Amino acid sequence: MANVSERTLRYYDKIGLLKPSSMSEKGYRQYSDQDLIKLQKIVLLKKLGFSLDEIELMLLENDPSWISSLQEQIGLVDQKLQYFQRLKETLRKTIEVINRNGMDVHSVIQLLNIISKDDELVEQYKDSKNLHVRIQLHHLYSTNPVEWFEWLRQNIDFSSYRILELGCGNGDLWLETSINLRNREIFLSDLSEGMLNDAKKRLGDDFSYLQIDAENIPFKSDFFNTIIANHVLFYFNDLDRGLKEITRVLKENGIFYASTYGKKHMKEITELAKSFDPRIELSSHSLPEIFGKENGEEILSKYFSCVERKDYFDTLVIDQAKPIVDYIVSCHGNQNELLSGRLNEFYRFVAEKIKAQGSITVTKEACLFVAGNKII
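Written out as structure tokens, the structure is:
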């Protein structure tokens with residue numbers, strides 16, 4: 007059927023991706039015309055490079071995000087084309103070196119480094135896609151007419167000469183902005199090369215892009231007038247070390263902006279996932295306990311004598327199941343392991359909740375700390 011083996015069909019049935027419409031008296035699977043159409047979609051998406059987990063999400067309903075997913079896949083293909091071009095050039099140079107000098111250790115290491123980049127590209131693509139999914143949920147269903155990034159722009163002073171953003175992601179903070187970029191040095195940094203590539207594609211060459219570890223910032227002391235960390239500090243491996251680095255490279259009269267969540271942020275999403283399976287954890291750590299609305303001022307006061315908290319008030323009112331399922335699958339916890347083969351069941355579970363209630367209202371609890379007068 008559609009050039010798919012019986013073994014593959016059995017596997018798709020087992021994982022819940024494509025179940026037959028019925029079974030014959032002799033135990034044979036029977037597929038309808040609709041099943042065949044669905045199978046053709048699966049075959050197409052596999053050939054386009056999507057994983058079975060991604061395909062299962064895309065088939066949950068007539069999903070308008072298909073176009074977005076295909077556009078993101080184009081980005082991955084572009085990166086892979088660049089990767090294969092570098093690999094081709096490295097192979098050519100390696101052959102030349104071997105012909106001259108024989109196989110040496112340096113050539114082997116260089117070749118292995120290039121080859122390992124392929125897996126990194128896929129991981130960076132997943133990171134970028136997951137970030138986009140989470141941002142989209144807020145963009146589509148927020149009740150506050152001033153969306154998060156616009157609110158940040160209203161509360162951050164961009165007039166200083168030299169600015170560094172840590173963990174810039176795909177550059178959303180700098181989109182649709184009236185900030186005067188002339189006579190400014192603005193550095194956008196992230197640990198992920200893929201995120202930086204996305205940011206550069208969206209923003210162009212008005213910024214400097216740096217792949218750096220925020221706990222080891224490669225600039226001299228007292229260099230930046232302004233440093234921004236939007237939902238970043240709770241991801242630091244060593245928060246104390248990271249904040250010491252930030253204060254080191256920040257000028258004496260510089261300002262540090264750090265946003266974070268409160269403990270009640272998105273709690274209804276967590277409760278919904280746990281009501282389906284109590285074992286689900288959407289994060290391996292409680293991020294607000296590391297650096298959150300409740301403890302952020304106390305933490306920053308060790309490094310700055312002046313710390314102010316500005317609260318952002320909002321809720322999400324969500325009347326569609328698919329965006330919720332997408333959001334949950336994009337999180338950093340164990341949910342994908344526990345939902346494997348059960349995504350359709352989970353989707354129906356969420357859809358029934360929405361049908362019964364009309365919508366799901368989700369608490370948002372975010373804030374921005376503005377810190378100055380560094381003391382370290």
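Letter 321 of the sequence shown, counting from 1, is numbered 327 in our numbering, and no numbers are missing. All C-beta atoms, glycine included, are put in the ideal place defined by N, C-alpha and C. As the structure is a computational prediction, the values presented were derived from the model and not from experiment.
Using DSSP bridges, identify the partner residues of residue i.
i: S171; result: Checking the sequence, you will find Glu at residue 171 rather than Ser. Answer by DSSP bridge pairing, in chain order: L194 and I234.
i: G152; result: Correcting the residue identity first, residue 152 is Val in this sequence and not Gly. According to DSSP, V152 bridges with nothing at all.
i: V376; result: Y263 and E314
i: Q36; result: S28
Residue i: buried (16+ other C-beta within 10 angstroms of its C-beta) or exposed?
i: E405; result: Nothing about residue 405 can be read from this structure; the chain reaches only from 7 to 382.
i: V238; result: buried
i: C312; result: exposed
i: M64; result: buried
i: Y333; result: buried
i: T276; result: buried
i: N161; result: exposed
i: A362; result: exposed
i: S198; result: buried
i: P151; result: exposed
i: V139; result: buried
i: Y131; result: Residue confidence is low: Y131 scores 47 on pLDDT, short of 50, so the model does not pin down where it sits. No coordinate-derived value is stated.
i: F319; result: exposed
i: L170; result: buried
i: Y147; result: buried
i: D246; result: exposed
i: E31; result: exposed
i: T149; result: exposed
i: N105; result: exposed
According to DSSP, simplified to helix, strand and coil, what is residue i?
i: V432; result: Residue coverage of the chain in this structure runs from 7 to 382, which leaves residue 432 outside it and unanswerable.
i: Q326; result: coil
i: I162; result: coil
i: E60; result: helix
i: V255; result: helix
i: T369; result: strand
i: G364; result: coil
i: N9; result: coil
i: M29; result: strand
i: L216; result: strand
i: G200; result: helix
i: Y263; result: strand
i: R348; result: coil
i: L51; result: helix
i: A205; result: helix
i: F240; result: helix
i: N105; result: helix
i: R247; result: helix
i: E221; result: coil
i: K226; result: coil
i: N186; result: coil
i: K94; result: helix
i: D211; result: coil
i: K269; result: coil
i: N342; result: helix
i: L179; result: helix
i: I21; result: coil
Next on the checklist: What ranges does the alpha helix (DSSP H) occupy inside the region 277 to 332, keeping only unbroken runs of at least 4 residues that lie completely in it?
Outcome noted: Taken in chain order, the complete alpha helix (DSSP H) segments of 4 or more residues contained in the region 277 to 332 are 293 to 296 and 302 to 306.
Item to check | the region 215 to 228 touching the region 181 to 200, judged by at least three CB pairs closer than 8 angstroms | outcome: Yes, the region 215 to 228 is in contact with the region 181 to 200.
Item to check | Touching by the beta-carbon criterion (3+ pairs, under 8 angstroms), the region 286 to 294 and the region 246 to 264 | outcome: Here the region 286 to 294 makes no contact with the region 246 to 264; the two share fewer than three CB pairs at distances below 8 angstroms.
Checklist entry - Is the region 339 to 355 touching the region 302 to 310 in the sense that three or more CB pairs, one from each, lie closer than 8 angstroms? => result No, because fewer than three Cβ pairs between the region 302 to 310 and the region 339 to 355 fall closer than 8 angstroms, the two stretches do not touch.
Item to check | Three CB pairs or more closer than 8 angstroms across the region 224 to 237 and the region 200 to 209 | outcome: No: the two stretches stay apart, fewer than three of their Cβ pairs being nearer than 8 angstroms.
Checklist entry - Any contact of the region 345 to 356 with the region 12 to 29, i.e. 3+ C-beta pairs under 8 angstroms? => result Inter-segment contact for the region 345 to 356 and the region 12 to 29 is present: three or more beta-carbon pairs are separated by less than 8 angstroms.
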